[in-house]
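J.:
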Amino acid sequence: SICEFMELKTPVISVVLGEGGSGGALAFGVCDELAMLSNAIYSVISPRGFASILWKDATREKDACNMMKITAEDMLRLGVAEHIIDEPLGGAHVDLCKTAENIKEYLLNVIAEKSQKSIDVLLNERYTKFRKIGEFEIRQKEELLGNE
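Under my numbering, the first residue of the sequence shown is numbered 9, with each subsequent residue one higher.
1. So if DSSP puts residue 119 in a beta bridge, which residue, or which two residues, is it bridged to?
2. Do you know how far the Cα of residue 106 is from the Cα of residue 113?
3. Determine, using beta carbons only, whether residue 29 and residue 141 come nearer to each other than 9 Å.
4. Between residue 21 and residue 115, how many whole angstroms is the CB-CB distance? I'm expecting something under 8 Å.
5. Note the first and the last residue of the continuous alpha helix (DSSP H) segment covering residue 60.
6. For residue 23, which three-state DSSP category applies?
7. Please confirm if the region 36–52 is in contact with the region 11–20, defined as three or more CB-CB distances below 8 Å between the two stretches.
8. In the DSSP assignment, what are the bridge partners of residue 44?
9. I'd like the span of the alpha helix (DSSP H) that includes residue 49, first residue to last.
10. In angstroms, rounded to a whole number, what distance separates the CA positions of residue 62 and residue 85?
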């Protein structure tokens, strides 16, 4: 369960390889670091499911994708993911060895980094990271436009 992931006394690193598009994908987010392949998507519901619920029209899944902000770049910008792992031109399937090398390099680096921290620090950072997902702040229009 998600609560058990929160309390694991070991570094937890998640890598989204393709499509994480269900409530079960939430568990991957309870980690010390989440990385995604550059063409991966991550969401609690598939775009088709989202379109079916919101518009009662599953064929609008492209509209849903744009609205949902589910790409690796979106997840990085939103603070859900910490790293994007490059894929070969054309996608991970084009060169599986290169994709595996990129994932291995990332994992070796992040494991070395996370292993330097105490378990108490990791647990605290993991909890804080998970709690911050979805936070937002209200800003004044002038601040957003740079007219402070």
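Just so you know, even glycine gets a beta-carbon here, dropped at the ideal spot from N, CA and C.
None of the values given here were measured: they were computed from a predicted structure.
T.: On the basis of the coordinates in this document:
1. One-based indexing of the sequence shown puts residue 119 at position 111. The partner list for residue 119 (beta bridge, DSSP) is empty, contrary to what the question assumes.
2. Here the question's residue 113 lines up with position 105 in the sequence shown. Here the question's residue 106 lines up with position 98 in the sequence shown. Answer to the nearest angstrom: the Cα atoms are 11 Å apart.
3. What you label residue 29 is simply residue 21 of the sequence shown in a count that begins at 1. What you label residue 141 is simply residue 133 of the sequence shown in a count that begins at 1. Going by C-beta atoms, residue 29 is not nearer than 9 Å to residue 141.
4. On the sequence shown, position 13 is the one that residue 21 refers to. On the sequence shown, position 107 is the one that residue 115 refers to. Contact holds; Cβ gap of about 7 Å.
5. As a position in the sequence shown, residue 60 is number 52, starting the count at 1. Counting along the chain, the alpha helix (DSSP H) containing residue 60 begins and ends at 55–63.
6. Position 15 of the sequence shown, counted from the first residue, corresponds to residue 23. In this structure, DSSP gives residue 23 an extended state, which the three-state scheme calls strand.
7. In this structure the region 36–52 touches the region 11–20; the number of beta carbon pairs closer than 8 Å is three or more.
8. By 1-based counting over the sequence shown, the position of residue 44 is 36. Residue 44 pairs with 24, 92.
9. As a position in the sequence shown, residue 49 is number 41, starting the count at 1. Counting along the chain, residue 49 falls outside any alpha helix (DSSP H), though it belongs to the beta strand (DSSP E) covering 49–51.
10. Along the sequence shown, read from residue 1 onward, the residue named residue 62 stands at position 54. Along the sequence shown, read from residue 1 onward, the residue named residue 85 stands at position 77. Straight-line measurement puts the Cα of residue 85 at about 24 Å from the Cα of residue 62.
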